[in-house]
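Participant: In the order they appear, the protein sequences are chains A and B. Residues 81 to 315, numbered by this note's numbering, are exactly what the first sequence covers, in order. Residues 81 to 315, numbered by this note's numbering, are exactly what the second sequence covers, in order. Note that the Cβ used here is the ideal one computed from N, Cα and C, for glycine as well. Dropping a structure here in structure tokens format, bear with me for questions.
Protein chains: 2
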Amino acid sequence: MTASGHDLRSHQRMKTPRSVLNPDVRTPNPGPRLEAKRARIVDAALRHFAEHGYHAARIEDLSAQLGVAKGSIFQYFGSKGGLFLEAYKKAVRSFPAYLDCPSQIREKGFFEILRYWLLRTERLVREDWIPYRVALLGNYGVDLALKREINRFLLAEDPYGSTAFVRLGIARGEVRSDIDAPLIVSILDWTMERFQDALLTEELDPGLFPHPADPAKNQARINQFLLVLRGAIGI
Amino acid sequence: MTASGHDLRSHQRMKTPRSVLNPDVRTPNPGPRLEAKRARIVDAALRHFAEHGYHAARIEDLSAQLGVAKGSIFQYFGSKGGLFLEAYKKAVRSFPAYLDCPSQIREKGFFEILRYWLLRTERLVREDWIPYRVALLGNYGVDLALKREINRFLLAEDPYGSTAFVRLGIARGEVRSDIDAPLIVSILDWTMERFQDALLTEELDPGLFPHPADPAKNQARINQFLLVLRGAIGI
DNA sequence: GGATTAGTATGACCGCCAGTCACGACATTA
DNA sequence: TAATGTCGTGACTGGCGGTCATACTAATCC
């Protein structure tokens, strides 16, 4: 539920820009078999990175576990960073966008949608922590070169639909219109990301973030956070 | 100007907790010679990390450039991560705290202090970009283990004095008191950090953050940002 | 001052792992 | 079957973080 940047996700599968991390030397039309193998690798990598972290993850272990040669993985993804980037994308794409909430929630408006997701995220994490952990790694646990690619991706896809969400808020008269919409979006993304990290890190990486967090008090915290956020970007 | 956590920096040089990154096997009273050598290494490391990034920095290069054996560096700092942590601490400690502003600014109140530093930071960065770049690396360009130590440090030292600063704001009646002060501090830290990153990244790491930023418009952005922040935690 | 010892400096060496590449297996076409 | 392109492979390499036996220096003692 966090991202930064404009909503540019217009059509599916826009060509990602070439880069060291994204050699993309595959044939133009890979064919279903290769695509399937590629997907298998990404799935396993997701789990592997989630379990070991970025640096401690060993490509060779991954390849052994998959029954695939190490060389193949590099052929598909170019580098460890490239593989991680694909895993990260898959993780983030698996998260719901703000507007993917039930319609009766949507009718209640902007801030109720936020509340819905904040309350919900805890359970989502518990059900499947793997993509959340990989997202955490991507946000804080890689080097700047990779982080740059990640930000580029978030900017291009806006996977949580923050821009559309803010637009809805403005249209409903719930979100202030005297401030540049992109700045609103950024602030929403920043604070939501950090707040959720603080809520979830207990399970994802104990000790990563300072933790005044008694889980029982999370609901109260969420309410306070929403109050502040409403003051910031509301009305 | 950003940190997260309580203001615990009570006395100088509180014992940092032992850890893999902080073996601290030095003698209890190192003597001035060793302290000087240690400081020399940290200084050079600061520059070296700033120039090359965390992963691309080579301890051996650093040691050659210093005329010091590689083994010595590991003897002093235990690991590359330990060395970086020290460099990061030094960088962050070199930044001014919120309340270090001129007294006539302080008299103008909480939000004017923020404005002062936001306007000021750009120039500070230009004058000496090295610590800012290292802080950026520490925030986004290391692995989670190191990031954990960094957060622990920020929590323990509160190097920007955010807690005292918020306390002042509350005392002056400028900052809302209906919300847990620690949450206010966190939100202030989160947003200030990200906003400054967005402002400064142009010079520190072009392309790291999405950049709608025409430098000429920075002042307008700062004003809008302050408006939002005032709504969030003001009155 | 010489001897003993504790603290400090050194750089050759080791283990590890991302990334490479020559070769082999396989598929496709002729 | 031969020829040609594609895909898969794993032994190998390069480079770097980290170690440690040895050398050196400074302090301490008789």
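1) Count the CB pairs spanning the region 155-172 of chain A and the region 215-224 of chain A that are closer than 8 angstroms, and state whether there are at least three.
2) Pick out the complete alpha helix (DSSP H) segments inside the region 156-196 of chain A, 4 residues or longer, and give them in chain order.
3) Name the residues in the region 220-233 of chain A whose C-beta lies less than 7 angstroms from a C-beta of chain B; which are they?
4) Answer with buried or exposed for I315 (chain B), where buried requires no fewer than 16 other C-beta atoms within 10 angstroms of its C-beta.
5) When you compare the CB of Q299 (chain B) with every CB in chain A, is at least one pair closer than 8 angstroms?
6) In terms of alpha-carbon separation, which member of B:I210, B:L194, B:R252, B:L126 lies closest to F281 (chain B)?
7) Select from A:W270, A:R252, A:I259 the residue whose C-alpha is nearest the C-alpha of L234 (chain A).
8) Taking only the alpha-carbon atoms, compute the straight-line gap between G311 (chain B) and D223 (chain A) and give it to the nearest angstrom.
9) Using 8 angstroms as the limit for Cβ to Cβ distance, is H135 (chain B) near chain A?
10) What does the alpha-carbon distance come out to for the pair A144 (chain B) and P182 (chain B)?
11) Distance check for G158 (chain B) and Y196 (chain B), CA to CA, integer angstroms please.
12) Determine the chain A residues that contact P211 (chain B) at a beta-carbon separation under 7 angstroms, and present them in chain order.
13) Helix, strand or coil for G314 (chain B) per DSSP?
14) Determine whether the beta carbon atoms of I313 (chain A) and V308 (chain B) lie at a separation below 8 angstroms.
15) Could you pull the DSSP bridge partners for V255 (chain A) from this structure?
16) May I ask which residues mark the beginning and end of the alpha helix (DSSP H) holding H132 (chain A)?
17) Does the Cβ-Cβ distance between L199 (chain B) and I264 (chain B) come in under 8 angstroms?
18) May I have the straight-line CA-CA distance separating V40 (chain B) from L306 (chain A), to the nearest angstrom?
19) Do you know offhand how far E273 (chain A)'s Cα is from L179 (chain B)'s?
20) Can you grab the Cα-Cα spacing for the pair P262 (chain B) / Q276 (chain B), in whole Å?
21) Would you mind working out which of A:N231, A:T243, A:P290, A:H128 sits nearest L268 (chain A), comparing C-alpha positions?
22) Under three-state DSSP, which class holds V148 (chain B)?
Facilitator: Walking through what the data contain:
1) Short answer: they touch.
2) 160-173, 183-188
3) Y220, G221, D223, L224, K227, R228, N231
4) exposed
5) For Q299 (chain B), the answer is no, since every Cβ of chain A falls outside 8 angstroms of its Cβ.
6) Going by the sequence as given, residue 281 (chain B) is Thr instead of Phe. Considering only alpha carbons, the answer is B:I210.
7) A:W270
8) 35 angstroms
9) yes
10) 42 angstroms
11) Distance between the alpha carbons of Y196 (chain B) and G158 (chain B) is about 40 angstroms.
12) By Cβ distance, chain A contributes nothing, its closest Cβ being about 16 angstroms from P211 (chain B), past 7 angstroms.
13) strand
14) yes
15) A:G314
16) 112-132
17) no
18) The structure shown does not extend to residue 40 (chain B), since chain B is modelled only from 81 to 315, so the question has no answer here.
19) 28 angstroms
20) 21 angstroms
21) A:T243
22) V148 (chain B): coil per DSSP, three-state reduction.
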